[in-house]
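Numbering (the UniProt record's numbering), first residue to last: 1 to 371. C-beta: ideal position from N, C-alpha, C; glycine also. Here the structure comes first, spelled out in structure tokens, and everything after it is commentary.
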Amino acid sequence: MTKKCTAFLYKTQKSCGHLMFKYKRLMEDFPEPTKNQTTPTTSRKHHHPHNPHCEDHLGEFHSQFCEQDFQRQLDAVGPRVTGPGGVILPTNDEINKLLDYGSDSISAMCFTWNIAGKASRSLSRLNHLFAKMPPLERPSLIALALQELPASTLRFHSSVLSSLGKSLSSTHRVFCWVRKWSQMLVLFIKHPLSLFTSQPEYRFVAGINLASPFRTKGAISIRFRLFQCQCIFVACHLAHGKLERRILDYRRIAAQFDFNSLQKQSGKNLVHLFWFGDLNFRVLRKEELSDVAENMQKRLFRRQADFQRILAHDELSLERANGLFKGFREAIIKFPPTHKFRIDSNFYMPSRMPSYTVFLLNLLPLFTHYC
């Protein structure tokens, strides 16, 4: 085993005017918003030919609304009732067809991987991972965050879209993507759902410490509406080294994205906010980790209690108890630290502090949490 990628599965369900969700972590081993409409209207036109968001600024951003084939699909829909953000509102019959197969939910998977400067050919592993997912079981939304993209390849994102797009093309299309410095965030959406979204917007916030000559730390956010819900995906790469640097990065990002206002808005609107990526928080004690590695090889981990002694010394767990990521929630962790292993082994590198560097946190005050 060389490197671990982590995916998080999230589901929403209709229930008495509220939504319920649950998500789990899946492990794989590898060799500013626009002004919204407040009342429903009827509209045939959904595209904006001169929309500045359709400009590919040095390969930074692209969305489905910039593509002629998608605009033709929108035009073919004809006059429909629209809600906030000009989003087409589905009929009851349409909703049933848009839900995940065999369920009353719409799911989202957040997938994060620090590729450590690997060439684009390494993405074939991701292609294999997504391709082997049965089409009927694929989540409705797939968010892919990559960190430490190779600095020498300015068009690396083209390889990402080409490689992964093929494996998902039968069920999904690229909703949008953003690349900033050495980070990239891509959103895939099921074909039928793509007609019921607003135009996505993105923002990038740099970390406090700017590395030279190629900057790697910061956060990308993508915001859009799905039906009448506001969806926000934040993918980040926080500072390594001292804990204080990560805390400063978090505070800067949270202030720039103004999450406090989102918490206030959530009383009137459904807001789904996912924060994930390489957060770089560490486990503070190494003494017990040799036992952890041995138990990993023997696959002895079964219960949440098996990880309590590790999580008791996890930086993020400790800082959340002190108010960091206030209002966010996280699923129960039932796997050992994911970073950093010796190549082709289940043993941690002695020179690096093992950690749960990848996390998914949700800001969902209107949701019931199931793990």
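Exposure of residue i, with buried meaning 16 or more beta-carbon neighbours within 10 Å
i	result
L141	buried
H172	buried
S198	buried
S345	exposed
P135	exposed
A312	exposed
K166	exposed
V81	exposed
M349	exposed
V77	exposed
D258	exposed
E244	exposed
Y356	buried
G218	buried
residue 453	Given that the chain is displayed from residue 1 to residue 371, the structure contains no residue 453 and the question cannot be resolved.
A255	exposed
T41	Legend: pLDDT at T41 = 48, less than 50; position of this residue unreliable, value from coordinates given subsequently. The residue in question, T41, is exposed, as its Cβ has fewer than 16 Cβ neighbours within 10 Å.
Q37	Because the pLDDT at Q37 is just 39, under 50, the model does not fix this residue reliably, and the value given afterwards should be weighed accordingly. Its Cβ having fewer than 16 others within 10 Å, Q37 is exposed.
D314	buried
S158	exposed
D278	buried
R125	buried
S105	buried
A119	exposed
S163	buried
Option nearest residue i by Cα separation, candidates the options
i	options	result
I208	C236, I232, I189	C236
A116	P350, L361, H339	H339
R179	K118, F156, K190, L273	F156
L123	L144, K217, F341, F307	L144
V174	K118, R282, F70	F70
F328	K334, P336, E319, F335	E319
F227	T91, E67, R72, F61	T91
G241	R282, A312, D100	R282
P151	T216, S355, R125	Before going on, a small fix: residue 151 reads as Ala here, not Pro. It is T216.
L185	I247, T112, R225, A254	T112
V87	R245, L324, D278, P200	P200
L193	S159, L168, R352, E94	E94
E330	F347, R309, L273	L273
V271	A255, I247, R225	R225
G83	L324, D314, R252, Q230	Q230
L187	G323, R251, H62, F335	H62
N326	C176, R352, I247, E67	It should be pointed out that residue 326 corresponds to Lys in this sequence rather than to Asn. The residue with the shortest Cα to Cα distance from K326 is I247.
P139	E148, P336, K190	K190
A108	E148, Q308, Q68, W275	W275
N280	F307, L164, R352, K334	R352
K334	F341, L360, F307, A321	F307
V234	K118, A119, L360	L360
I220	F341, W177, K132, G102	W177
W181	R203, L195, S162	R203
D75	R309, E60, L195, G85	L195
R223	N96, G85, A119	G85
V205	I253, L164, L161, V160	I253
L161	M133, K97, R121	R121
P336	H128, Q183, I343, I310	I310
Bounding residues of the alpha helix (DSSP H) (the contiguous stretch that carries residue i)
i	result
H157	156 to 168
residue 376	It is not possible to answer for residue 376, since the shown part of the chain is limited to 1 through 371.
R309	308 to 311
R352	Looking at the DSSP string, R352 is not in any alpha helix (DSSP H), and its letter there is neither H nor E.
S317	315 to 321
Counterpart residues of residue i in DSSP-defined beta bridges
i	result
C176	S63, L187
V77	Beta-bridge pairing links V77 to no other residue.
R329	N362
I253	None; I253 has no bridge partner.
L144	F111, V186
F341	Y348
Residue range of the unbroken beta strand (DSSP E) whose run includes residue i
i	result
L270	270 to 278
Length at least 3, wholly inside the segment 92 to 140: the beta strand (DSSP E) runs in chain order: Taken in chain order, the complete beta strand (DSSP E) segments of 3 residues or longer contained in the segment 92 to 140 are 105 to 114.
Complete runs of the beta strand (DSSP E) confined to the segment 190 to 248 [at least 3 residues]: Listed in chain order, they are 201 to 206, 218 to 226, 229 to 237.
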